[in-house]
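Colleague:
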Amino acid sequence: MVWHEIIYSICVGSLIAGVILVAVLLIFSMSALSGNHEIDQASSGDLDHDVNLDHDVSIDHDVSIDHDVSIDSIDHDVSIDHDVSIDSIDHDVSIDHDVPIDHDINVGHELNLGHNLPDYIETKGKTPLSLRFSLFLLWFGAAGTFLYDFLSLKILWIALTILVSIGFSILLSKVWENIARNTMYRVRLGNELLGRQVTVKIPVSNEGGVISVNTHDSVQMLAARTLNPLGYYYPGDQVYICKVENQVYYVDLDPANIQYNR
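In short: position in the sequence shown from 1, add 178, done, that's this note's numbering.
Now the structure itself:
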């Protein structure tokens, strides 16, 4: 058996192995394509609500900390308000700091980067190395067996087989990257939800309640109160988020009462 017959036998084996491997990998890869990710608010750039300790942290000390920082005298207008509240314990500690500084920085509601960010981000998928290798085997076997009888010069045959295999493998890898795209959704919180129509889940009054916000493929449950101290809304009522304060969402039936940031 001459060398090109040995390589031809390898091509036949590569074709069979490539078909099997590509079929198996495509099944597993397509099942993983439904990966939609949510971008957490902390990475979305919304400076108003980077910390949400009321819902995510349960601690054995009841600490309420308010920082009012007012800074006077510079060329920039920025304004930072941090309200951190940690609930649930035997000790009550209340700390108020009023720090005046000689710089005019005003960071607060005016710097709200969240509104400038897209609701979702799409990125190209990456072709797994195992899939690339399987594609190479498939095309090496297919090109080798197909071109074997057409090219009498076997050196040209093997060279063309390798080039065709590499070229088609790269081409299909690029196609795969555009098909297997990843979509990441950003979770909106805080002032980004102002004006949003939401549904009451647990009766909402001046004392408290719970509303639900639909965000793409998930539902957020948020603590809420009525904007009108005498208001009361029942489960299923459609209301508007009119105000956000201390990570509590104040709702009302009338969208004219929405208090947008100025």
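We put the beta carbon where it would ideally sit given N, CA and C, even for glycine.
This structure is a prediction, so every number in the text was calculated from the model and none was measured.
When the Cβ atoms of the segment 310-327 are set against those of the segment 193-204, are three or more pairs found closer than 8 Å?
Modeller: Between the segment 310-327 and the segment 193-204, the count of Cβ pairs shorter than 8 Å is three or higher; the stretches touch.
Colleague: So, is Asp432 buried or exposed, given that buried needs 16 or more other C-beta atoms within 10 angstroms?
Modeller: Exposed is the call here.
Colleague: Between Leu408 and the rest of its own chain, which residues show a CB-CB distance below 8 Å, the 5 nearest in sequence each way excluded?
Modeller: Excluding residues up to 5 positions away in sequence, Asn384 lie with their Cβ nearer than 8 Å to the Cβ of Leu408 in the same chain.
Colleague: Would DSSP call Ser330 helix, strand or coil?
Modeller: Ser330 falls in the coil class under three-state DSSP.
Colleague: Rounded to whole angstroms, what is the Cα-Cα separation between Tyr438 and Val376?
Modeller: 17 Å
Colleague: Using only the alpha-carbon positions, how far apart do Tyr411 and Glu355 sit?
Modeller: Using only the alpha carbons, I get a separation of about 49 Å.
Colleague: From which residue to which residue does the beta strand (DSSP E) around Ser390 run?
Modeller: 388-393
Colleague: Kindly give me the distance between the Cβ atoms of Thr404 and Tyr428, rounded to whole angstroms, as I take these residues to be in contact under 8 Å.
Modeller: 7 Å
Colleague: Who are the Cβ neighbours of Tyr186 in its own chain at under 6 Å, not counting the five residues just before and after it?
Modeller: Tyr326
Colleague: I need the DSSP call for Ala358, collapsed to helix, strand or coil.
Modeller: coil
Colleague: Can you find the residues in the same chain that come closer than 6 Å, C-beta to C-beta, to Leu371, ignoring five residues on each side of it along the sequence?
Modeller: Ile419
Colleague: Please check if any C-beta of chain B sits within less than 9 Å of the C-beta of Ile389.
Modeller: Of the protein chains in this structure there is only one, and it is not chain B.
Colleague: Excluding sequence positions up to five away, which residues of its chain have a Cβ less than 6 Å from the Cβ of Val397?
Modeller: Ser390
Colleague: Around the C-beta of Phe318, are 16 or more other C-beta atoms found within 10 angstroms, so that it is buried, or is it exposed?
Modeller: buried
Colleague: What residue range does the alpha helix (DSSP H) around Thr323 cover?
Modeller: 307-325
Colleague: Looking only at C-alpha atoms, which of Phe324, Leu338, Val382 sits nearest to Asp430?
Modeller: Val382
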